[in-house]
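Take a look at the structure below.
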Amino acid sequence: MKKQRQVGLRKDASKRSSSSSASGRGRMMTTTSSIVRYGECQKNHAANVGGYAVDGCREFMASGMEGTSEALRCAACGCHRNFHRKEVETEVVCECSPPHSSTTNV
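One point on numbering: in the UniProt record's numbering, the residue at position 68 of the sequence shown is 68, and numbering is uninterrupted.
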């Protein structure tokens, strides 16, 4: 029997679920995983004078090791990670197995 696999992207929280129908029509397993990336800096450096100017930082790079306070500072521009545009990429994988047939073909 052949399994079908479908892959799609959606913006949602990570979760994993499994279900099967009571009538024996097959089983479907869904796995969702998210990858978070921080893009360009959105901090307005001219806000105090009523203008708009960004520094041109294109991607967040952590200044320190994961788990330290420096991991939340950008090594390129010095801004906090919250000033960088958050991009969440979610992958949803559905694996479906065909129903088990109790009848035989003649």
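Using N, Cα and C, we set each Cβ at its ideal position, and we do this for glycine too.
Fair warning: this is a prediction, and the values are worked out from it, not measured in the lab.
| query | result |
| --- | --- |
| Reference I35, options E66, E91, S97, closest by Cα | E91 |
| For Y52, the nearest candidate out of C96, N44, K86 (CA to CA) | N44 |
| Reduced DSSP category for R37 - H, G, I as helix; E, B as strand; rest coil | strand |
| Exposure of H84, with buried meaning 16 or more beta-carbon neighbours within 10 Å | buried |
| Helix, strand or coil at A62 [DSSP, three-state] | strand |
| E59 versus G50 - alpha carbon distance | 25 Å |
| For M90, the first and last residue of its enclosing beta strand (DSSP E) | The sequence shown places Thr at residue 90, rather than the Met named in the question. Start and end: 84-97. |
| Closest residue to G56 among S97, C41, E66 (Cα-Cα distance) | C41 |
| CA nearest to the CA of R37, picked from V54, R81, A47, C77 | R81 |
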